[in-house]
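A short write-up of the structure that comes next.
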Amino acid sequence: MISERHEELATLYTLGLLEREDRRAFESDLAGNAELRSLKADLAETTAALTLSVCSFAPPASLRARVLAAAGAESRHEAALAPVFRFPRWLPLAAAAGLAVTAIWLGRQNLSLREQNTALRTERELAELAYQAAQSQLQERTLLAEGMINDLGRQLREQQDLTRLKVTALASLAGNTPTAQAIAVWDPGRETGLLTIDRLPVIADSQDYQIWVVDPAYPIPVDGGVFKPGEDGRAVLTFHGDKPIRSVAAFAISLEKKGGVPKAEGPIVLLGKF
Amino acid sequence: MDNSAQSAEEERNRAQVQLIAAMSRGDKTALAGLYDQLATPLYSLAYRMLGDAGEAEDLVQDILLQVWRTAGSYDTSRGSVFSWIATLTRNRAIDRIRMRKRRSELLANAAPDLQPAAPEGDADSAGSLWLREKAAAVRAALAELAPDQQQAIELAYFSGLTQQEIAAQLNEPLGTIKARIRRGLLRLKDRLPSRL
């Protein structure tokens, strides 16, 4: 008679649900209980039959050929690795003789190995020295690598800094400076700009070009200073507003009287918006 | 089950044992014969557990090659050929499910308390007459179980969940789950032939 407890263990065992200790205990019970073994065997068949309860699908036709090809490849491989060999009748005598010869040979080898042992000890000491030298080289290279990593980190940080810069191209507003080319770069952190201009018309001595920074915080553009291009129409200069700049919406360049004006009066020749 | 059906079962199992014996001697046609008989249920099981047709194919190939390599170790006293190979397939599928779990995939997605989407091919038209008849018998026997027993057994067999995980998933005490599995599986055993 099988107890309910054993029935429960048998069902859980066949489903692979027992923890390791319970499984070992159950296997120990199985060893001494034929009736329980029979129940377990029947339950194993029942459990396997659950396989057939699923919706049945044929595998792709290619799978059959693949399985057979793989089996064939394994067979050939094994055949190549393990050629058929039959033991001859004289093998035991030959083995005994071989053992005797081997014993003599081992004795000689023992002496030889002692000599080799001394040589190996010397080699080992040399190897340890080489190891120490290699280790110090490695430490030096590690330091060098750390330096390179720090440099790369610094370069990366500098590149990340560049991403905060604002860049705009200024264009001729009224067609009065059609060939002029101007680029303005603004660094919000430093509230400083860099202006590069080419082919700006040359102006009279009594005139200056004046830069204006358009900040929505102020009712009128902020004065960014005056400049005069060279005879070739080129100018490169840094500039900043005469008031604190919170955000830049645009840059403008106007043509004013020499020395500039607090509020733009002359024509706007170039404008660049963000 | 009547006597003629029982003897047909035994005859079929004997034939499969002979195929295994021939495979142990390197007979590839025996492997082809076993494939023709068992590939469909093994593939269906693997697909049901893994929910992925490609993975199911790989699994069936691995298992049949394992059987090819270890055919000589098959011992008839340990169960039918079908039971042996189905158990190998299920265990390997559980390994894969647990590997997925370790890879932080949600096991709940793999736990097939619902039928996964079908792969290409006609469902239930595949396989031999023997398989179709057996499948119908197993399904009928399962359908006779109380729904909660059926659910616990299916989850235990197909999901790769532990006892505790099954209890948690069904929101029932562990003792209740064990009792459902025990009663349900014993009842199934009484309804099904001893060897498939």
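Protein sequence lines correspond, in order, to chains A and B.
Numbering of the first sequence is given in this note's numbering, commencing with residue 1 and proceeding in unit increments.
Numbering of the second sequence is given in this note's numbering, commencing with residue 1001 and proceeding in unit increments.
Here a beta-carbon is modelled for each residue, glycine too, at the ideal position from N, C-alpha and C.
Determine, using beta carbons only, whether residue i comes closer than 8 angstroms to chain A.
{"i": "B:Gly1051", "result": "no"}
{"i": "B:Ala1135", "result": "yes"}
{"i": "B:Glu1057", "result": "yes"}
{"i": "B:Ala1111", "result": "With a pLDDT of only 44 at B:Ala1111, under the threshold of 50, the placement of this residue in the model should not be trusted; the figure read from the coordinates follows. Not one chain A Cβ lies under 8 angstroms of B:Ala1111."}
{"i": "B:Gln1061", "result": "yes"}
{"i": "B:Ala1017", "result": "The question names Ala, yet the displayed sequence has Val at residue 1017 of chain B. Chain A contact via Cβ: absent."}
{"i": "B:Arg1098", "result": "no"}
{"i": "B:Leu1174", "result": "no"}
{"i": "B:Arg1139", "result": "yes"}
{"i": "B:Leu1188", "result": "yes"}
{"i": "B:Leu1170", "result": "no"}
How many whole angstroms separate the CB atoms of residue i and residue j, which I take to be in contact at a CB cut-off of 8 angstroms?
{"i": "A:Ala252", "j": "A:Val222", "result": "Incorrect: roughly 11 angstroms between the Cβ atoms, too far for contact."}
{"i": "B:Ser1028", "j": "A:Ala71", "result": "Before going on, a small fix: residue 1028 of chain B reads as Lys here, not Ser. 6 angstroms between Cβ atoms; contact."}
{"i": "A:Leu195", "j": "A:Ile211", "result": "7 angstroms"}
{"i": "A:Ser56", "j": "B:Pro1041", "result": "7 angstroms"}
{"i": "B:Leu1088", "j": "B:Gln1061", "result": "B:Leu1088 to B:Gln1061, Cβ: 13 angstroms. No contact."}
{"i": "A:Ala249", "j": "A:Leu271", "result": "Not quite, the Cβ-Cβ distance comes to about 11 angstroms (not below 8 angstroms), so this is no contact."}
Residue i touches chain A at which residues, Cβ-Cβ below 8 angstroms?
{"i": "B:Ser1044", "result": "Thr51, Val54, Cys55, Ser56 and Phe57"}
{"i": "B:Trp1130", "result": "Here the premise fails: no neighbours, minimum Cβ distance about 10 angstroms."}
{"i": "B:Lys1101", "result": "What B:Lys1101 touches in chain A: nothing, since even the nearest Cβ is about 15 angstroms away."}
{"i": "B:Leu1185", "result": "Thr11, Thr14, Leu15, Leu43, Thr46 and Thr47"}
For residue i versus residue j, is the C-beta spacing smaller than 8 angstroms?
{"i": "B:Phe1082", "j": "B:Leu1038", "result": "yes"}
{"i": "A:Thr11", "j": "B:Arg1182", "result": "yes"}
{"i": "A:Leu170", "j": "A:Ala182", "result": "yes"}
{"i": "B:Gln1150", "j": "A:Leu17", "result": "no"}
{"i": "A:Asp208", "j": "A:Val236", "result": "no"}
{"i": "A:Gly260", "j": "A:His240", "result": "no"}
{"i": "A:Thr168", "j": "A:Lys273", "result": "yes"}
{"i": "B:Leu1185", "j": "B:Gln1169", "result": "no"}
{"i": "B:Met1049", "j": "B:Ile1085", "result": "no"}
{"i": "B:Gln1094", "j": "B:Gly1160", "result": "Looking at the sequence itself, residue 1094 of chain B is Ile, so the reference to Gln does not match. Closer than 8 angstroms, so yes."}
{"i": "B:Arg1180", "j": "B:Ala1143", "result": "no"}
{"i": "A:Ile203", "j": "A:Leu255", "result": "yes"}
{"i": "A:Thr303", "j": "A:Ala44", "result": "The structure shown does not extend to residue 303 of chain A, since chain A spans only 1 to 274, so no value can be given for it."}
{"i": "A:Lys258", "j": "A:Ser206", "result": "yes"}
{"i": "A:Ile197", "j": "A:Pro229", "result": "yes"}
{"i": "B:Ala1030", "j": "B:Leu1045", "result": "no"}
{"i": "B:Ala1056", "j": "B:Tyr1043", "result": "yes"}
{"i": "A:Leu63", "j": "B:Leu1131", "result": "no"}
{"i": "A:Asp29", "j": "A:Leu39", "result": "no"}
{"i": "B:Leu1129", "j": "B:Leu1188", "result": "no"}
{"i": "B:Gly1079", "j": "A:Ala97", "result": "no"}
{"i": "A:Ile245", "j": "A:Glu191", "result": "yes"}
{"i": "B:Arg1191", "j": "B:Ala1136", "result": "no"}
Residue i touches chain A at which residues, Cβ-Cβ below 7 angstroms?
{"i": "B:Thr1162", "result": "Leu17"}
{"i": "B:Arg1182", "result": "Glu7, Glu8 and Thr11"}
{"i": "B:Arg1048", "result": "Val54"}
Consider the Cβ of residue i: report whether some Cβ of chain B lies at a distance smaller than 8 angstroms.
{"i": "A:Gly32", "result": "no"}
{"i": "A:Ala140", "result": "Sequence check: residue 140 of chain A is Glu here, not Ala. No - not a single Cβ of chain B is within 8 angstroms of the one on A:Glu140."}
{"i": "A:Glu7", "result": "yes"}
{"i": "A:Leu36", "result": "no"}
{"i": "A:Ala25", "result": "no"}
{"i": "A:Leu271", "result": "no"}
{"i": "A:Val84", "result": "Residue placement at A:Val84 is poorly supported in this model, since its pLDDT is 48, which falls under 50; the coordinates still yield a value, given next. Not one chain B Cβ lies under 8 angstroms of A:Val84."}
{"i": "A:Leu93", "result": "no"}
{"i": "A:Pro244", "result": "no"}
{"i": "A:Val213", "result": "no"}
{"i": "A:Val236", "result": "no"}
Starting from residue i, find everything on chain B with Cβ-Cβ shorter than 8 angstroms and list it in chain order.
{"i": "A:Ala44", "result": "Gly1079, Ser1083 and Thr1087"}
Closer than 9 angstroms by beta-carbon distance: list the chain B residues that pair up with residue i, in chain order.
{"i": "A:Glu74", "result": "Leu1065, Trp1068 and Arg1069"}
{"i": "A:Arg64", "result": "Ala1032, Tyr1035, Asp1036 and Ala1039"}
{"i": "A:Val67", "result": "Leu1031, Ala1032, Tyr1035, Ala1039, Val1060, Gln1061, Leu1064, Leu1065 and Trp1068"}
{"i": "A:Pro219", "result": "Here the premise fails: no neighbours, minimum Cβ distance about 59 angstroms."}
For residue i, go through chain B and note every residue whose CB falls closer than 7 angstroms to its CB, in chain order.
{"i": "A:Ala71", "result": "Lys1028, Leu1031, Leu1065 and Trp1068"}
{"i": "A:Pro60", "result": "Glu1057"}
Taking Cβ positions only, does residue i come closer than 8 angstroms to chain D?
{"i": "A:Val222", "result": "The structure shown contains no chain D; its protein chains are A and B."}
For the ligand MN, I want to know if residue i counts as a neighbour, meaning its beta carbon is within less than 7 angstroms of at least one of the ligand's heavy atoms.
{"i": "A:Glu8", "result": "For the ligand MN, the structure offers nothing, since it holds no ligand at all."}
- Item | Against chain A: residues of the segment 1072 to 1091 of chain B by CB proximity under 9 angstroms | Under the 9 angstroms Cβ criterion, the segment 1072 to 1091 of chain B contributes Ser1077, Arg1078, Gly1079, Ser1080, Phe1082, Ser1083, Trp1084, Ile1085, Ala1086, Thr1087, Thr1089, Arg1090 and Asn1091.
- Name, going along the chain, the residues of the segment 1023 to 1043 of chain B whose beta-carbon falls closer than 7 angstroms to a beta-carbon of chain A. Answer set for the segment 1023 to 1043 of chain B: Gly1026, Lys1028, Leu1031, Ala1032, Tyr1035, Ala1039, Thr1040, Pro1041 and Tyr1043.
- Task: Could you please tell me which residues of the segment 170 to 196 of chain A, in chain order, have their CB closer than 7 angstroms to any CB of chain B?
- Result: none
- Item | Near-chain A residues of the segment 1142 to 1160 of chain B - C-beta to any C-beta below 8 angstroms | Leu1142, Ile1153, Glu1154, Ala1156, Tyr1157 and Phe1158
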